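Just so we're aligned: 239 in full-length UniProt numbering is position 239 of the sequence shown, and the numbers increase by one with no gaps anywhere.
For every residue, glycine included, the Cβ atom is placed at its ideal position computed from N, Cα and C.
Being a predicted model, the structure only gives us computed values, none of them experimental.
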Amino acid sequence: MGRRLALLIATYEYEDAGLRRLTAPAHDAEALAEVLADPSIAGFEVTTLVNEPLHRVGRSIGEFYRDRRRDDLTLLYFTGHGLKDDEGRLYLAMTNTARDNLLFTGLPAEQVDQAMEGCASRRKILVLDCCYSGAFPAGRIAKADTAVHALERFQGRGRTVLTASDATQYSFEGDRPHGRAAQSVFTRHLVAGLRDGSADLDGDGDITVDELYGYVHDHVVEEMPQQRPKKQDDVQGRTVIARNVNWTLPGYLANALTSPIATDRLGALDGLARLRRVGNDLVRARAEQEIRRLADDDSRQVSTAAAALLADSTPATPERAAAESTPEPEPEPLPPPPATSTPEPTPEPLPPPPLPATPRTESPLRRALASRRVRLVALLTAAALVVTTVVVLVNRGDSDSGGSAAPAAAAPVITGTAERIVLSPDAGTLAGFTTTGGERVQFWDVRTGQAVDAVDGNAFSFAFSAAPHTVAVGGSDGSAVLRDLTTHRTRAELRGTTTGPALAFAPDGGTLATASSCACTAPFDNPVLLWNAADGRQVATLPGHTNGVQHLSFSRDGRLLLTGSVDRTVRVWDVATGRNTATFEAGYVAVFGPDGTVIAASSHYTDKISLWDTATGARIRSLDGAGEPVSFSTDGTTLATTNFDRTVVQLWEVATGELLHTTTPEGPWAISPDHRSLAVGEPDNLVRVVDAATGDLKNALTGHTARVTDLTYSADGRLLVSAGADGTIRVRPTG
Numbered sequence: 001m002g003r004r005l006a007l008l009i010a011t012y013e014y015e016d017a018g019l020r021r022l023t024a025p026a027h028d029a030e031a032l033a034e035v036l037a038d039p040s041i042a043g044f045e046v047t048t049l050v051n052e053p054l055h056r057v058g059r060s061i062g063e064f065y066r067d068r069r070r071d072d073l074t075l076l077y078f079t080g081h082g083l084k085d086d087e088g089r090l091y092l093a094m095t096n097t098a099r100d101n102l103l104f105t106g107l108p109a110e111q112v113d114q115a116m117e118g119c120a121s122r123r124k125i126l127v128l129d130c131c132y133s134g135a136f137p138a139g140r141i142a143k144a145d146t147a148v149h150a151l152e153r154f155q156g157r158g159r160t161v162l163t164a165s166d167a168t169q170y171s172f173e174g175d176r177p178h179g180r181a182a183q184s185v186f187t188r189h190l191v192a193g194l195r196d197g198s199a200d201l202d203g204d205g206d207i208t209v210d211e212l213y214g215y216v217h218d219h220v221v222e223e224m225p226q227q228r229p230k231k232q233d234d235v236q237g238r239t240v241i242a243r244n245v246n247w248t249l250p251g252y253l254a255n256a257l258t259s260p261i262a263t264d265r266l267g268a269l270d271g272l273a274r275l276r277r278v279g280n281d282l283v284r285a286r287a288e289q290e291i292r293r294l295a296d297d298d299s300r301q302v303s304t305a306a307a308a309l310l311a312d313s314t315p316a317t318p319e320r321a322a323a324e325s326t327p328e329p330e331p332e333p334l335p336p337p338p339a340t341s342t343p344e345p346t347p348e349p350l351p352p353p354p355l356p357a358t359p360r361t362e363s364p365l366r367r368a369l370a371s372r373r374v375r376l377v378a379l380l381t382a383a384a385l386v387v388t389t390v391v392v393l394v395n396r397g398d399s400d401s402g403g404s405a406a407p408a409a410a411a412p413v414i415t416g417t418a419e420r421i422v423l424s425p426d427a428g429t430l431a432g433f434t435t436t437g438g439e440r441v442q443f444w445d446v447r448t449g450q451a452v453d454a455v456d457g458n459a460f461s462f463a464f465s466a467a468p469h470t471v472a473v474g475g476s477d478g479s480a481v482l483r484d485l486t487t488h489r490t491r492a493e494l495r496g497t498t499t500g501p502a503l504a505f506a507p508d509g510g511t512l513a514t515a516s517s518c519a520c521t522a523p524f525d526n527p528v529l530l531w532n533a534a535d536g537r538q539v540a541t542l543p544g545h546t547n548g549v550q551h552l553s554f555s556r557d558g559r560l561l562l563t564g565s566v567d568r569t570v571r572v573w574d575v576a577t578g579r580n581t582a583t584f585e586a587g588y589v590a591v592f593g594p595d596g597t598v599i600a601a602s603s604h605y606t607d608k609i610s611l612w613d614t615a616t617g618a619r620i621r622s623l624d625g626a627g628e629p630v631s632f633s634t635d636g637t638t639l640a641t642t643n644f645d646r647t648v649v650q651l652w653e654v655a656t657g658e659l660l661h662t663t664t665p666e667g668p669w670a671i672s673p674d675h676r677s678l679a680v681g682e683p684d685n686l687v688r689v690v691d692a693a694t695g696d697l698k699n700a701l702t703g704h705t706a707r708v709t710d711l712t713y714s715a716d717g718r719l720l721v722s723a724g725a726d727g728t729i730r731v732r733p734t735g
């Protein structure tokens with residue numbers, strides 16, 4: 001069995017006065033070293049270097065990668081400044097690095113790449129929580145230069161590379177650059193996911209690198225929408241980085257096993273069989289124990305089914321072992337070509353399709369929530385597979401209006417991987433975001449469950465149009481396209497933004513608004529562009545914002561456009577004239593009231609949520625709570641808000657500013673358009689629907705066998721859709 005080795009490098013003190021002292025790196029490395037070295041969690045042999053000069057770090061990296069075996073697992077972590085020279089070459093700054101002499105005082109990324117390339121290990125992890133510039137303003141500390149592409153420096157077979165942000169985004173330290181050291185957002189969630197086991201997304205008892213990335217990406221984006229961690233890999237199978245030390249039997253199984261109802265106990269066998277098949281040693285042993293206990297159940301039906309499961313001699317271990325990341329055999333030399341010119345028969349491709357030959361670079365997508373706020377989509381990484389779709393007939397008895405837990409078969413099921421889901425305005429099309437087989441947006445027909453289209457590759461943002469079969473997709477290079485889901489073709493290419501764009505369609509689908517979303521260190525002119533969605537013609541330019549636009553939405557009548565920017569202003573525009581009718585110093589998260597006369601706005605800068613008069617620009621009132629607005633109810637009487645990590649939901653009366661109710665969901669959630677129901681994906685894999693105003697339970701919806709990843713209501717509130725890590729998407733009528 002191979003060794004597990006980690007080298008952690010943290011640099012925060014610099015001889016060069018032009019390199020700002022960082023507060024986070026030492027604390028980052030200390031916390032990560034503790035969790036990696038814990039034998040019950042990860043069991044790495046950890047070496048930590050703090051504020052060391054170039055020659056010592058270089059020697060340590062060389063020794064770290066030298067004399068490794070093929071089955072060793074190596075993890076190299078760096079936190080500190082990253083710098084680039086005039087040619088765009090990346091250097092990691094050590095304590096004696098001089099900005100004007102990077103060639104001889106900085107650690108070149110090429111040298112790290114060469115050391116990794118020469119390492120015999122077939123499982124090499126590189127983690128960069130790296131600052132890509134040397135001087136930053138106070139407050140939130142930016143850690144990125146827009147021209148540095150860290151992933152490109154570290155491509156190679158057998159490698160997985162995780163970075164705190166992509167080339168156009170920021171990595172953030174804590175709120176205060178001085179005083180008590182705070183972990184960076186990226187490393188804090190990295191450590192948390194390992195320490196408490198919450199990064200075990202599929203509940204099998206092990207935390208893979210893919211799961212860890214998915215967990216960290218999701219939480220970083222929730223906390224800091226401007227920051228997008230990235231990942232690339234070129235490995236076979238999966239790499240287990242840690243164990244879930246807090247693993248327990250999933251709540252839905254524990255409840256079913258202790259239920260006095262025989263059919264509940266019988267239903268638990270499927271979940272136990274899955275755990276016995278895919279879990280680690282501890283998980284498989286517990287599943288086996290529970291199955292044996294059910295074999296002695298007083299219900300003949302239950303005991304017979306359990307005994308049959310035990311009699312199944314198919315071992316679980318080989319299936320699991322086959323998926324593990326194991327050393328790859330060296331390729332055999334190619335034989336000389338045959339003398340005959342007859343070509344060899346080509347074997348038929350077998351699912352799942354092979355991994356791509358070159359590393360894949362992942363960039364997150366963005367989506368509109370019920371609040372219509374544009375936010376980042378966190379995507380889990382998975383091996384490539386072919387998505388198939390299965391639909392089960394609807395049972396109208398499964399609703400959120402009341403009653404006991406609904407059986408799993410009561411909802412139509414779409415089989416497919418989706419970490420975030422969005423319904424079209426008419427609820428006829430569902431979009432699911434995933435990295436299955438590469439970055440991907442999959443579209444399904446809700447009525448038939450059939451896949452109708454997919455967008456792969458460089459997708460950054462996305463918006464549904466009210467016009468049939470039309471979507472807008474933005475790329476991280478600043479491009480945007482109008483796409484027809486029926487013909488699977490691009491109808492128009494829209495240029496004008498320099499970074500990944502925010503997107504919003506007018507309610508009638510006739511106009512599309514775009515703007516660069518980059519939260520940049522330096523101000524820049526960032527006009528909002530309006531396009532004719534029928535032919536892709538630019539029809540207006542709305543100047544005014546001086547940094548990235550994080551929010552775009554139209555009023556319900558389409559006459560007004562609401563924009564929120566990192567320049568800390570929210571602006572209202574007359575769509576017909578292009579005139580900026582009102583400007584509020586209110587942050588960058590904003591939502592229209594249903595009649596367009598009231599706006600709710602806030603941001604991390606302002607903290608407080610305020611209500612504003614759209615026509616006059618006057619503040620109506622500030623709510624006695626911190627966070628951001630989610631949505632107004634359809635009748636405009638209530639406002640739903642959440643804190644910045646979306647762990648609290650509050651309902652306010654708009655007329656008085658009175659707080660009506662507070663809910664603390666333990667998973668993803670969605671509030672119905674009328675604000676009468678709040679659906680929550682609970683840790684026991686149930687979807688619980690509660691009264692948003694009282695918290696009283698209305699229904700508990702079963703069906704998912706792994707964590708719920710996302711929830712959404714249709715615009716009319718008649719459908720509730722849930723996506724799960726079990727690879728299913730369930731569509732349920734609400735009445």
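- Gly214 has its alpha-carbon roughly 16 Å from the corresponding atom of Arg195.
- With respect to the C-alpha of Ala6, the residue from Ser40, Arg56, Tyr77 and Arg69 having the closest C-alpha is Tyr77.
- Judged by beta-carbon spacing, Ala640 lies beyond the 8 Å limit of Pro673, meaning their Cβ atoms are not closer than that value.
- In this structure the region 461 to 479 lies against the region 490 to 500, because at least three pairs of beta carbons, one per stretch, are closer than 8 Å.
- Listed in chain order, the non-local C-beta contacts of Arg646 below 7 Å within the same chain comprise Glu222, local neighbours out to five positions each way being set aside.
- Under DSSP, the beta-bridge partners assigned to Ala515 are Ala502.
- Within the model, the alpha-carbon separation for Asp270 versus Pro683 is close to 18 Å.
- The Cβ atoms of Ser517 and Thr499 sit closer than 8 Å to each other.
- Along the region 568 to 600, the beta strand (DSSP E) occurs as fully enclosed runs of 3 or more residues at 570 to 574, 580 to 584 and 589 to 592, listed in sequence order.
- Within 10 angstroms of the beta-carbon of Gln442 lie 16 or more other beta-carbons, which makes it buried.
- In this structure, Asp297 sits near Ser303, with a CB-CB distance shorter than 8 Å.
- Counting other Cβ atoms within 10 Å of its Cβ, His81 reaches 16 or more and is therefore classed as buried.
- For Arg188, the enclosing alpha helix (DSSP H) stretches over residues Val185 to Arg195.
- If the five residues before and after Leu651 are omitted, its C-beta is found closer than 7 Å to the C-beta atoms of Thr638, Ala640, Leu660, His661, His675, Ala692 and Ala693, all from its own chain and listed in chain order.
- By the Cβ criterion, the region 197 to 204 is in contact with the region 241 to 250, since at least three pairs of Cβ atoms, one from each stretch, lie closer than 8 Å.
- Relative to the Cα of Glu658, the nearest Cα in the group Phe464, Pro665, Arg621 and Thr642 belongs to Arg621.
- Residue pairing by DSSP places Glu211 in no beta bridge whatsoever.
- Contact check for Val591 against Ser633 fails: the beta carbons are separated by 8 Å or more.
- Only buried fits Asn699, as 16 or more other CB atoms lie within 10 angstroms of its CB.
- Between Asn526 and the set Arg537, Gly544 and Ser465, the nearest pair of CA atoms involves Gly544.
- Under the criterion of beta carbons closer than 8 Å, Thr95 and Thr163 do not qualify as touching, at roughly 22 Å.
- Within its own chain, the residues whose Cβ lies closer than 8 Å to the Cβ of Leu49, once the five positions on either side in sequence are excluded, are Leu7, Leu8, Ile9, Ala10, Arg56, Val57 and Ser60, listed in chain order.
- The shortest CA-to-CA distance from Gly62 to any of Lys84, Asp28 and Val112 is the one to Val112.
- Taking each of His27, Tyr588 and Ile729 in turn and checking the Cα distance to Ala451, the smallest one comes out for Ile729.
- In the structure shown, Ser198 falls within a coil segment according to DSSP collapsed to helix, strand and coil.
- Going by C-alpha positions, Gly496 is about 14 Å away from Leu482.
- In this structure Gly564 is buried. Its beta-carbon is surrounded by 16 or more other beta-carbon atoms within 10 angstroms.
- Positions of the alpha helix (DSSP H) runs, each at least 4 residues long and wholly inside the region 223 to 290, are given as 251 to 257 and 262 to 278 in order along the chain.
- Counting the other Cβ atoms within 10 Å of the Cβ of Thr486 gives fewer than 16, which makes it exposed.
- Taken atom to atom, the span from the alpha-carbon of Thr74 to that of Leu128 is near 14 Å.
- According to the DSSP assignment, Asp113 belongs to the alpha helix (DSSP H) that extends over Ala109 to Glu117.
- In this structure, Gly703 is the residue among Asp567, Asp484 and Gly703 with its C-alpha nearest to the C-alpha of Val413.
- Just so you know, the alpha carbons of Met116 and Asp67 end up roughly 12 Å apart.
- In the DSSP annotation of this structure, the continuous segment of the beta strand (DSSP E) that includes Glu653 starts and ends at Val649 to Glu653.
- Taking the Cβ atoms as the reference, Gly667 lies roughly 6 Å from Val680, within the contact range of under 8 Å.
- Proximity to Gly279 across Arg243, Ala305 and Val575 peaks at Arg243, based on C-alpha coordinates.
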